[in-house]
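For the sequence shown, the residue numbers in our numbering are 236 to 543.
Glycine residues also receive a C-beta, built at the ideal position from the N, C-alpha and C atoms.
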Amino acid sequence: MSSEAVILKRSLVAILLVSVLGIGFGIYSGSFAILFDGVFSLVDAAMTVLSLFVARLITRSTTEKGLPEHLHRRFNMGFWHLEPMVLTLNATILLAVMIYAIFSAAMSLFSGGRTIEFGPAMIYAVVVVMISVAMAWHEHRANRKIGSDFVKMDVHGWILASGVTAALLIAFAIGIKLDGTAYAWLAPYVDPAVLLLVCLVLLPVPIATLRRAVAEVLLMTPDDLLARVEQVASGIVTEEGFTGYRAYVARVGRGTQIELYFIAPLSLAPRRLEEWDALRDRVGALIGGDPRHRWLTIAFTTDPKRAG
Numbered sequence: 236m237s238s239e240a241v242i243l244k245r246s247l248v249a250i251l252l253v254s255v256l257g258i259g260f261g262i263y264s265g266s267f268a269i270l271f272d273g274v275f276s277l278v279d280a281a282m283t284v285l286s287l288f289v290a291r292l293i294t295r296s297t298t299e300k301g302l303p304e305h306l307h308r309r310f311n312m313g314f315w316h317l318e319p320m321v322l323t324l325n326a327t328i329l330l331a332v333m334i335y336a337i338f339s340a341a342m343s344l345f346s347g348g349r350t351i352e353f354g355p356a357m358i359y360a361v362v363v364v365m366i367s368v369a370m371a372w373h374e375h376r377a378n379r380k381i382g383s384d385f386v387k388m389d390v391h392g393w394i395l396a397s398g399v400t401a402a403l404l405i406a407f408a409i410g411i412k413l414d415g416t417a418y419a420w421l422a423p424y425v426d427p428a429v430l431l432l433v434c435l436v437l438l439p440v441p442i443a444t445l446r447r448a449v450a451e452v453l454l455m456t457p458d459d460l461l462a463r464v465e466q467v468a469s470g471i472v473t474e475e476g477f478t479g480y481r482a483y484v485a486r487v488g489r490g491t492q493i494e495l496y497f498i499a500p501l502s503l504a505p506r507r508l509e510e511w512d513a514l515r516d517r518v519g520a521l522i523g524g525d526p527r528h529r530w531l532t533i534a535f536t537t538d539p540k541r542a543g
């Protein structure tokens, strides 16, 4: 899991570079679209710092003696719950920035557009597209082995950045072509128009992230995880002669929380504790998943009321 932190640190450096370029070139060229790109990157950088902190906490909490004793006692159920909270905050802020940009672009269009320097704007767009594509490709390859939601979110961020900046590059090229022609009056509308278009096209990205993260914060039951647990539980009920089961599951970031109660008949022959533990181990193996990020409780009872 240390690779996750390394990747996010590299991403942070690149994001800060893009942010400085965006804010600087945005002010110099007079382009609100570029300035928005820089501010967007600055917000992303802040979220990456927070993601790094949470990822480190989660990693240390799943390692023996990885946390100070006072933190372990205070958060003895781990830090998985922080991950969807960070994703929720990230998506909410990005969504707010995009909505503001949409209204700003619309107002600019209705007020006659905005005159910008297309030359410096194109230089910025070319450089940032190269950086964004390189970072997205690098992180996507690395995350095949890591499987981190934070890195996945960061990859989406770089894809988003490359898409936004590529659209800006095309728009600025069109703006240069318009200069000195009969359609030169359209040039001031290029910057707000492309900003509005890009924001509307990419708006579903933070919305989708927000929906998934909120579902995890609310501990909504994921259908795929429940189906897998129920399939395993049904097989165990048949094999062991139980009368039924109750399953309660939730996904919280990279962690899964599973409570499984098997209801045994009163006539079931008694067993040694070692045998019940062996059965628990078998159920856990059948359910699968990374044991470091799985909170699994398996209980046996003869009273269905005790199973919830």
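Tell me which same chain residues have a C-beta within less than 6 Å of the C-beta of residue i, skipping the five on either side of it?
i    : result
H316 : V487
G273 : S254, G257, I258 and G261
A406 : V425 and V429
D525 : none
Identify, in the order they occur along the chain, each residue of the same chain with its Cβ nearer than 8 Å to the Cβ of residue i, setting aside the five sequence neighbours on each side.
i    : result
A520 : none
T532 : I493, E494 and L495
L252 : I366
F314 : V289, L292, I293 and S296
Note down, in chain order, each residue of its chain lying with its Cβ closer than 7 Å to the Cβ of residue i, except the 5 sequence neighbours on either side.
i    : result
M236 : Low local confidence applies: a pLDDT of 44 at M236 is under 50, so the model's placement there is unreliable, with the coordinate-based value given in what follows. Cβ within range, chain order: T294.
S246 : T283, M370, E374 and D389
V467 : V518, L521 and I522
L395 : L437 and V440
S339 : F267
R481 : Y496, A542 and G543
A408 : M357
Output the boundary residues of the alpha helix (DSSP H) element that contains residue i.
i    : result
A511 : First, the amino acid is wrong: residue 511 is Trp here, not Ala. From DSSP, the alpha helix (DSSP H) with W511 extends over L508 to I522.
E318 : L317 to F345
G257 : S237 to S264
F271 : F267 to S296
Counting along the chain, where does the beta strand (DSSP E) carrying residue i start and finish?
i    : result
T536 : R529 to T536
I358 : I358 -> not in any beta strand (DSSP E); alpha helix (DSSP H) instead, spanning F353 to I381.
Helix, strand or coil for residue i per DSSP?
i    : result
L495 : strand
G543 : coil
G392 : helix
G313 : coil
G490 : strand
A402 : helix
D525 : coil
L503 : coil
R349 : coil
Buried or exposed: residue i, going by 16 or more other Cβ atoms within 10 Å of its Cβ?
i    : result
M357 : buried
L403 : buried
R309 : exposed
I351 : buried
W393 : buried
Y359 : buried
K244 : exposed
P423 : buried
A443 : exposed
E510 : exposed
F535 : buried
V248 : exposed
For chain B, is any of its Cβ atoms less than 8 Å away from the one on residue i?
i    : result
Y424 : Absent here is chain B; the protein component of the structure consists of one chain.
Length at least 4, wholly inside the segment 405 to 488: the alpha helix (DSSP H) runs in chain order: 422 to 437, 439 to 452 and 458 to 475
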